Each structure stands twice: as structure tokens, then as C-alpha cells.
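Below: the structure, in C-alpha cells.
There are 2 protein chains.
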Amino acid sequence: MAFVLNIRRIDIDTGGDTQVVLLRGRDADAFGITPGDRLQIRYQQRTITAVADITHHSIRHGEIGVFTDLWRILKPTDGQTVTIDVLARPPSIAAIKKKLLGKEITASEIHSIISDIVSHRLSAIETTYFVASGYIKPYTTRELVGMVRAMAETGEMFTWRRRLVVDKHSVGGLAGNRTTMVAIPIIASLGLLIPKTSSRAITSPSGTADTMEVLAPVSFDGAAVRRIVRQAGGCLIWGGGLSIAPADDIIIRVSRPLSLEPYDKMIVSIMAKKVAMGVRYLIIDLPYGPGTKISSLVEGRKIEQRFRDVGRAFGISVRVKFDRANEPIGQGIGPALEARDVLRVLQQKDNRPRDLEEKALGLAGELLELSSFCTTGKGYAIATQALRSGRAWAKMQQIIKLQGGNPLVDADELLAGTLTADVKASATGRVSAINNRAIDEIARTLGAPDQKRAGIYLHKKLGDRVKRGQTLLTLYAVTADRLALARQALRLHTIITIGR
Amino acid sequence: MAFVLNIRRIDIDTGGDTQVVLLRGRDADAFGITPGDRLQIRYQQRTITAVADITHHSIRHGEIGVFTDLWRILKPTDGQTVTIDVLARPPSIAAIKKKLLGKEITASEIHSIISDIVSHRLSAIETTYFVASGYIKPYTTRELVGMVRAMAETGEMFTWRRRLVVDKHSVGGLAGNRTTMVAIPIIASLGLLIPKTSSRAITSPSGTADTMEVLAPVSFDGAAVRRIVRQAGGCLIWGGGLSIAPADDIIIRVSRPLSLEPYDKMIVSIMAKKVAMGVRYLIIDLPYGPGTKISSLVEGRKIEQRFRDVGRAFGISVRVKFDRANEPIGQGIGPALEARDVLRVLQQKDNRPRDLEEKALGLAGELLELSSFCTTGKGYAIATQALRSGRAWAKMQQIIKLQGGNPLVDADELLAGTLTADVKASATGRVSAINNRAIDEIARTLGAPDQKRAGIYLHKKLGDRVKRGQTLLTLYAVTADRLALARQALRLHTIITIGR
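These protein sequences, in sequence, are chains A and B. Reminder that position 286 of the first sequence reads as 296 in the working numbering, one-by-one numbering, no gaps. Reminder that position 175 of the second sequence reads as 185 in the working numbering, one-by-one numbering, no gaps.
So, in C-alpha cells, the structure goes:
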């Protein structure tokens with residue numbers, strides 16, 4: 011239904027980003043317009059489309075306020091009448107209502123929702139209704155597949171000429187983050203393709219992307235990623251530099267206030283990115299048990315089934331590797347300290363953290379078996395051979411070089427010039443608990459991940475014997491005030507607890 | 011868990027309205043803080059509480075930005091360390107999650123949600139999750155009662171010494187809005203108490219409050235309302251001037267984008283306000299049929315049952331009066347034109363609109379019977395007698411006077427000085443359709459409800475015979491440009507359709 015209003019010029023140049031026009035609240039109500047509705051505005055032979063916003067300033071009742079940018083297109087005279095049509099609300103709104111009323115939604119309805127989220131045609135409140143609608147009834151496998159496809163297809167997609175495109179993904183927690191930097195060069199050195207994207211730290215003191223950035227740049231566009239992967243068979247880059255599954259970030263934003271993270275959302279988020287990256291074989295590293303996202307192995311098995319069902323629809327073989335994680339893997343916390351652990355493993359130094367090496371070899375071995383690169387039972391040995399022989403390190407050097415870093419880096423060069431402070435044991439006994447949350451907070455207080463060389467080195471791990479006065483951990487900082495701040499914070503938190 | 015940050019002064023005086031402090035996104039993530047979380051900030055012996063917000067400007071990693079207002083309370087020196095505790099998230103968040111996961115929530119959980127909505131402790135996104143959670147499972151009667159109680163109790167409440175406190179409420183549509191102004195003085199003139207609050211126009215050209223405002227002010231605080239009702243036994247005021255059930259407006263705001271209006275929300279919204287006003291007997295005027303909120307009488311009966319169940323919990327007798335509405339009641343559209351219709355009925359003029367009189371007498375009669383003021387079958391006659399005898403008009407004069415208006419007003423004084431334009435019939439025949447939506451739009455274009463004397467007068471109603479060239483309707487405006495605008499809009503819309 012069309013209506014007429016007097017046009018009023020608003021002398022602001024918005025730079026063309028937001029094609030917004032202003033209405034008085036009562037006029038908007040009268041015409042059934044809510045903020046965010048799209049309007050078509052006609053003046054003589056010219057037409058513009060803009061988004062309605064409500065104001066109580068600048069314009070009067072019966073007027074429509076038009077900013078300089080759109081004014082130039084329409085070329086009216088101030089006060090003249092224009093004809094306005096409310097354009098149909100995005101059909102995705104109807105689809106969200108349908109899901110909210112408990113009905114299954116089709117692949118094309120899902121696509122309309124995701125695509126409207128990505129292009130900001132849906133507001134935060136509308137997106138919230140969509141997220142909430144997922145609680146009405148569990149998503150059917152068909153809906154999950156539709157979500158994954160829509161999220162992948164509304165972003166950048168990668169295809170590869172080779173069949174053996176593999177990946178590993180760690181879910182949540184700090185444990186295992188650094189295994190990626192060991193496992194990827196092992197896999198790539200054996201001739202498989204592993205186009206790995208990682209995230210930066212969200213709640214931990216360093217994400218894989220932050221740690222890799224100690225050794226080489228990690229932010230590349232799609233063309234650069236294709237070039238690196240074609241040459242080295244693998245990469246270690248930051249996923250945020252690409253626009254794979256861009257709806258995910260927006261959905262995460264409205265999920266935060268209630269700390270909602272249903273399994274389905276996690277599955278969709280992970281699988282959409284793997285579909286976008288063209289992965290065919292995928293190992294998922296899933297910690298379970300109290301304090302993790304998955305409370306029991308029974309629960310875990312159900313999630314594995316969902317992963318496999320979705321994977322099947324896209325020709326992706328998925329295997330979930332369950333793992334209990336009580337403490338960090340490796341001894342360094344913070345980008346450079348973690349990179350040092352990784353280099354020590356790849357360079358096969360005597361002081362390398364064995365738990366990190368073990369876990370990375372296990373994951374690499376599983377991936378080799380899942381992709382039928384080798385028969386069952388042989389993967390671990392093949393991965394070990396690639397590491398021991400120096401081929402994995404040579405592959406890592408190639409990746410570092412292609413990403414623009416220094417391939418001649420040595421593990422012990424990474425921490426030059428940092429300020430340190432040791433924390434000593436106040437009693438003799440055995441390490442009975444390691445407080446991961448305190449590690450995170452103190453490491454962030456020390457400056458990680460922004461200050462690459464800041465962090466914590468754990469000299470003792472769970473079960474280790476300690477004597478009173480022995481060094482339990484060392485704090486690393488770049489500036490004295492950060493070190494002082496951390497020492498102050500340490501009075502509030504205990505990182506390592508010693509039992510009898 | 012506490013943590014420490016360096017305090018940084020932000021030289022802006024916010025006027026004390028928003029007690030916000032700023033954190034860098036990565037610090038907030040590290041400490042598990044989301045925007046809107048409440049923080050307690052300690053410096054020496056002093057403590058402030060503030061809401062966290064995220065910024066990428068003004069402060070650095072490891073800093074907390076504090077505006078001048080809070081800075082004055084804390085009295086730190088720039089760069090010193092402060093200790094920060096994240097205060098527990100409102101328990102209402104957990105209650106919303108519980109409802110979203112399909113569980114029934116208790117009265118005290120409902121109270122915590124509503125009270126946090128009212129005090130803006132819940133964000134728009136969190137409130138959206140609450141609204142969406144209503145779709146997981148229908149509210150139980152116990153939950154509905156809890157909602158009504160919480161919404162009433164978080165706002166202003168009225169209690170009256172008399173038992174016969176009655177009310178009528180019209181649901182949606184423009185039909186019946188003006189019956190209120192006829193029925194209230196009839197009821198009050200018979201000695202019952204009817205503390206009537208009305209709304210202003212949302213989508214129509216005039217709400218009862220807008221129409222009453224032609225005759226007297228309508229915006230009063232609680233004390234004034236108590237005084238008026240004690241003296242006159244009734245009032246005709248704008249509900250928005252009081253703060254009864256204030257959560258309702260906030261919930262409506264987040265419901266709009268999806269145009270969600272489930273019956274339960276409507277029941278809660280109406281009943282909360284009646285509980286707050288201390289009403290004991292309530293007639294609900296409910297239009298049904300295609301194009302209204304209630305599609306069938308069967309549906310309507312279910313809603314009636316819900317209304318009665320909720321009413322019972324508060325000692326309110328509820329009766330629903332079903333009605334089909336195809337066209338406006340009365341002939342005037344717009345505040346003054348509607349007020350003229352009302353005065354013509356109350357002053358018993360010959361040219362009074364009989365449909366308005368009939369409907370108002372019917373509603374008043376039902377209310378008299380429901381409250382046992384009289385026996386069944388006698389209400390209509392008693393109401394008619396109050397109107398014919400002039401007692402209802404005398405009561406209306408008292409209400410107008412107590413609200414500060416002119417009790418000597420005559421129906422025909424209200425439209426002096428307006429510009430008019432007649433719309434003539436282009437054919438001979440019978441009125442076969444009246445387009446209510448077009449009436450709304452044209453009347454708003456003419457300036458209603460802001461311009462009280464603007465509007466439309468319908469000379470013909472459904473089924474009336476018309477001859478070519480006869481006046482179908484008259485447009486009223488205060489300024490020439492509005493009249494011109496409406497004539498232009500009339501080219502796009504037909505208000506009265508003439509069939510053969």
C-alpha cells in the first residue's frame with residue numbers, strides 16, 4: 011500500500027554506507043512501518059530504496075527525512091510530496107516465525123535466513139529470534155545440513171584438485187591448541203593437503219593463529235591461501251582473514267548474552283567452515299568430562315553421530331577423538347612460549363614437551379588412517395617417522411617461508427629480552443591441581459596474546475613431585491608494570507596447588 | 011574471581027545516567043565479561059558498581075576506562091591498579107534459559123525476569139530470548155498468573171475501598187474505541203467505580219485517550235487519578251501517564267520486528283493492567299473473524315477460558331463479549347470528530363450515531379449484570395435509563411471538570427475553523443465495502459491524531475444507498491497542505507466502495 015509524505019532534506023552526508031530515511035514514530039506506526047523496514051521512495055520518474063528509521067528530531071509529522079546522499083539521486087525540492095511503498099519484509103522473517111512456531115524449515119528458507127544475516131538485512135533482535143527458535147525443536151539432520159550448506163555458501167569457498175584434503179579441529183578448552191602446529195607439517199610432509207585455518211585467542215592467552223604469528227604472518231586473502239597450499243600442501247593461517255561462513259560470527263554475537271552454545275550450533279559452525287575449506291577427512295579432538303562442553307562419553311557419542319550424519323551429506327568422513335584434558339598440553343602459555351614448545355618438538359630438542367609430541371602424533375596418525383593414506387594401526391608410526399626424520403620440520407620451514415616468516419628460527423631465540431619472575435613452591439609435596447582459569451587470567455595480565463613474548467612457563471605438571479623453594483612457574487613480561495600487575499593478581503589466584 | 015587492571019580516566023561527564031566503564035574486547039573476553047555485565051571496581055577503601063562496555067578506542071589493553079562521574083567517586087590517580095569483580099549475572103538470565111530449555115518457571119523466577127526488564131538490567135537481546143521462550147511450550151495457567159502478578163507488582167498499584175470496581179476493555183481494531191466514553195459515565199452515574207485508563211492511537215487515527223483529550227486533559231499521576239475517581243466514581247485518562255505494568259511496553263518493543271502477538275501475551279498485558287488498577291469485574295470486547303486478531307469463535311472461546319482462569323486467581327470476574335466488526339462504530343474518525351459523536355450521544359442529539367449508542371449501552375448493561383449490580387436481563391434497560399435521563403451526561407460533565415476541561419462544551423463547537431473537502435459518489439448503488447486501513451491512512455495524512463480537528467466524517471455506512479454525486483465523506487484538516495496531501499493519497503486508495 012502506497013502513501014505520500016513531504017520530503018525533507020537532512021544535510022548530512024552519510025558516505026553512502028547506510029541508506030536510511032527518517033520518519034516520525036507516529037507516521038511510522040500509522041503506516042505499519044518498523045525500524046529496519048525497506049521503503050521504496052518515488053519522486054517523478056526516479057526511485058530509491060532505503061531503510062526506515064524513526065526519529066523525533068529534524069523532521070515533522072507527515073515528513074520523510076532524506077540524507078544528502080539519497081537526495082542527490084532523487085533530486086526533489088524540499089517539501090515536495092513523494093510516494094512511498096513499504097517493500098515486502100524479507101521472506102526470512104516469515105521463515106524464522108515458522109521455525110519459532112515449531113515447524114521444520116526448508117533448505118531454501120534456511121538459505122534466506124542465513125543470507126539475510128550475512129547481508130545485515132536482519133537486525134540483532136531478529137537474529138536472536140532465529141537462534142532462540144533452535145530450542146523449540148531439535149534441528150532435523152536435514153535442517154542441520156541446510157544450515158551448514160547455507161553458512162558455507164554465503165561465504166568464500168575453496169576447491170582443490172586433490173582428493174586427500176584433510177583437517178583436524180580441536181573443540182574448546184586450551185588443551186591441544188598447539189598440537190595443530192605439530193600435526194599439520196607432519197601431514198603435509200606426507201603429501202596430503204591440509205588447508206588449516208585457526209582462530210585467535212578468545213578466552214585463552216593464545217590461539218593457534220596467535221602462536222603461529224610468532225613465526226610468520228597469518229593473515230591472507232583467499233588467493234594467497236590457494237597459492238601457499240598448492241605449493242606446501244598445507245598452511246597455518248588465521249581464519250578471520252578470509253570470509254568463510256561469515257554468518258557464524260554474527261550468530262555468536264547474539265548467543266553470548268545467555269552463554270548459549272547448543273551442540274547443534276557448534277556442529278554447524280565447525281562443519282560449515284570445513285565445507286567452505288573443501289575438506290574431505292576430518293578428525294575432531296573433543297575433550298569431555300566435568301568442566302568441559304561435553305559432560306559424558308554417552309553425550310559425546312551422540313554428538314559424534316550428528317557430526318558424521320552432517321559430514322556424509324557433504325562427502326566428508328568425520329571421526330571424533332575423545333580426550334580428557336585436566337591441564338595444558340606442553341609447558342609454555344602465551345604465543346612465544348607456546349611456539350617454543352612447538353619448535354622444540356619439530357626440531358626434536360631434548361627438552362621438548364613429550365605430552366605435546368604424543369598428542370600431535372596421535373592426531374596425525376588417526377588422520378592418516380581415516381583418509382586411508384595407510385591401513386589401521388600404521389598411522390602413528392608413519393607420523394613418528396615423519397617427525398623423527400626431520401621431514402616435518404622441513405615442511406614447517408617451507409610453510410613459514412611461504413607465509414613470509416624466517417624459516418631459520420631456533421626455539422631458543424624467541425624470548426630474548428623479556429623480564430621474568432619465578433614463583434616458588436611454598437611447601438613440599440605433589441602437584442595436585444592446576445587452575446586453568448587462573449593461568450588464563452595471569453597470562454593475559456602479563457600481556458598475552460597481544461605481547462607475543464608474555465606468558466607463563468610451567469616447570470611442574472600434574473602429579474610432579476616438588477620441594478619447598480623449587481621453581482613452580484616463571485612469569486614472562488615485556489614491561490615491568492605488567493609483571494608487577496601479574497604478581498599482584500597472583501595474590502588473588504593460585505595456579506599450582508601442592509598436595510601431600 | 012577478581013582481577014586487576016590499570017585505571018584510565020575518560021574525560022567525559024556522562025551526567026551520571028549510565029554508569030558505564032570501558033574495557034578492551036580482548037580483556038573482556040579473557041575475563042569472560044560481555045557488554046552489560048556488572049562490575050564492582052575497588053580502589054583502596056572505595057567501591058563503585060558499573061556496567062561493562064567494550065571499546066577499541068581511548069584505552070589500551072590491560073586498562074579500564076572510567077568516566078569523570080565515577081572517577082570522582084573512586085578518586086584514583088591515572089594508571090593506578092584497581093581490583094575488579096564481575097558481579098553475578100542477574101538470576102533472571104538463568105530463568106530465561108530454563109524456560110528456553112522447555113521447563114516451567116516459578117513465580118519468583120518470573121518475578122526476577124520482569125523486574126529486571128523493568129529496571130533495564132536485561133538487554134533487548136535478553137528480553138527477546140524471554141519473549142521467544144514463550145514459544146517453546148504454552149505457558150501454564152500458573153505461569154500466566156505469575157506473569158500477570160509480576161507485571162502488575164513491578165509498577166504502580168491502585169486499591170479502592172469499594173467492592174464494585176468494574177472496567178471494560180476493547181481488544182484491537184478501531185471498532186468500539188469510542189464506546190468507552192459513553193459507557194464509563196453511564197456506569198459511574200449508577201454508583202459503580204470505573205477507573206478507566208486508555209491508550210493513545212498506535213495504528214488508528216485516534217485512541218480513546220486522544221479523543222478524550224479534546225474535552226479535557228488526560229495525563230495525570232497516581233495521586234490525581236485517586237482523587238478524581240474518589241470524587242466522580244470514574245475517570246477517562248491516558249494509561250501512559252501512570253506507570254502501571256511498565257514491563258509491557260518494553261516487551262512490545264522487542265515483539266514488533268516479527269509482529270508477534272500471541273494470545274498469551276495479550277492476556278497478560280490486559281490482565282496485568284486491570285490487576286494494577288484494582289478492577290474486580292471486567293467485560294472484554296473482542297472482535298473476531300477474518301482480518302481480526304481472533305480468527306474464529308472456537309478460538310475466541312479458548313481465549314475467554316484463559317482470561318477467566320487468570321482472572322479467578324486475582325478475584326476478577328471476566329466476561330468476553332464477542333463481536334464482528336466490519337466498519338467503524340460511529341461516523342467521525344479523528345479525535346474531535348469522534349468526540350463530537352460521543353457528545354451527540356451523551357447529549358442525546360437527534361443526529362447522534364445510533365450504532366455507537368447501541369454498542370455502548372450493550373457493554374454497560376453487561377457490566378451491570380456481571381457485577382451483580384442488577385439481575386440478568388435488566389442491565390440494558392438500566393443503562394438506557396441513565397443515558398436518556400441525562401444522568402450519564404451530568405456524570406461526564408463532572409469527570410470533564412475534575413480533569414480540567416470545560417463541562418459546558420457542546421457537540422457542534424468542536425470543529426470551528428477547519429478546512430473541509432467533500433468526496434462524492436461516482437456512481438449510484440449501495441455501499442458494499444469500507445476500507446478501514448485506507449480510513450486510517452488518510453485520516454493520519456490529514457493530521458490525526460496530533461491535529462485534533464483533523465479527520466474524516468463518513469456520511470454513508472455499509473449497506474446505505476447512495477446516488478451518483480452524493481457526498482460520501484468529508485475530509486477535515488487544519489492546514490491546506492494536509493488537505494492537498496490527503497487528496498493526493500485518495501487517488502491511491504478507495505475508502506468507500508459502491509456496489510450495484
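Virtual Cβ for every residue (Gly too), placed ideally from N, Cα, C. Since the structure is predicted, the reported quantities are computational estimates derived from the model, not experimental observations.
The region 262-276 of chain B: positions lying closer than 7 Å to chain A by Cβ: V264, R266, P267, L268
A/D432 in three-state terms, based on DSSP: For A/D432, the secondary structure class from DSSP, reduced to helix, strand or coil, is strand.
DSSP three-state assignment for A/H121, whether helix, strand or coil: helix
Cutoff 7 Å; reference B/I115; Cβ partners in own chain excluding five residues on either side: A105, K108, K109, E153
Per DSSP, cross-strand counterpart(s) of B/S208: B/W248
Buried versus exposed, by CB contacts within 10 Å (16 or more), B/K470: buried
Exposure label - A/P148; buried when at least 16 CB within 10 Å: exposed
Residue-level contact to chain B via CB, A/S180, 8 Å cutoff: no
Contacts around B/T59, its chain only, beta-carbon distance under 8 Å, and the 5 residues preceding and following it disregarded: Q29, R48, L49, Q50, I51, L97
Contacting residues, own chain, Cβ-Cβ under 8 Å from A/R56 (five flanking each side not counted): Counting only residues of its own chain and dropping the five nearest sequence neighbours on each side, A/R56 has a CB closer than 8 Å to the CB of I83, L84, K85.
Contact list for A/A12 against chain B, beta-carbon separation under 9 Å: Below the 9 Å Cβ cutoff, chain B contributes A499, L502, H503 as neighbours of A/A12, in chain order.
Inter-stretch contact (C-beta, 8 Å, three-pair minimum) for the region 476-488 of chain B and the region 247-263 of chain B: no
Which listed residue (B/G156, B/T218, B/G372) has its alpha carbon closest to that of B/A458: Comparing Cα positions, the closest option is B/T218.
Per-residue contacts from A/D460 into chain B (C-beta, under 8 Å): R36, H71
Run of the beta strand (DSSP E) containing B/R329, from where it starts to where it stops: 327-333
CB contact check: B/L483 to chain A, cutoff 8 Å: The C-beta of B/L483 comes no closer than 8 Å to any C-beta of chain A.
Best match in A/E376, A/A421, A/G387 for proximity to A/T221 [C-alpha to C-alpha]: A/A421
Sub-8 Å separation of B/L424 and B/Q341 beta-carbons: no
DSSP three-state assignment for B/H130, whether helix, strand or coil: Coil, per DSSP.
Selection from B/R70, B/G42, B/T87 that minimises the alpha carbon distance to B/Y53: B/T87
8 Å Cβ cut-off: residues of chain A touching B/I106: L268
Neighbour list for A/I94 in chain B, Cβ cutoff strictly below 7 Å: Neighbours of A/I94 on chain B: none; closest Cβ ~11 Å, over 7 Å.
Simplified DSSP assignment, three categories, for B/V175: strand
Best match in B/I444, B/R440, B/D319 for proximity to B/E337 [C-alpha to C-alpha]: Here the closest residue by C-alpha is B/I444.
Any chain B beta carbon closer than 8 Å to A/L111: yes
Contained beta strand (DSSP E) runs [length at least 3] in the region 243-290 of chain B, N- to C-terminal order: 244-248
Minimum Cβ-Cβ distance from B/D450 to chain A less than 8 Å: yes
Burial state of B/S122, where buried means 16 or more other Cβ atoms lie within 10 Å: buried
Pairwise C-alpha distance: B/T169 and B/T394: 30 Å
8 Å Cβ cutoff, B/L495 in contact with chain A: yes
Neighbour list for A/E136 in chain B, Cβ cutoff strictly below 8 Å: P267, L268
Start-end ranges of the alpha helix (DSSP H) lying completely within the region 360-433 of chain A, minimum 4 residues: 364-380, 389-398, 401-412
A/K331 beta carbon less than 8 Å from that of A/L373: yes
Distance between beta carbons of A/A437 and B/I135, contact taken as under 8 Å: Contact doesn't hold; Cβ gap of about 47 Å is too wide.
Test item: CB-CB of B/R501 and B/A464 under 8 Å: no
Cβ-Cβ separation, A/P267 to B/T44 (assumed contact under 8 Å), whole Å: 6 Å
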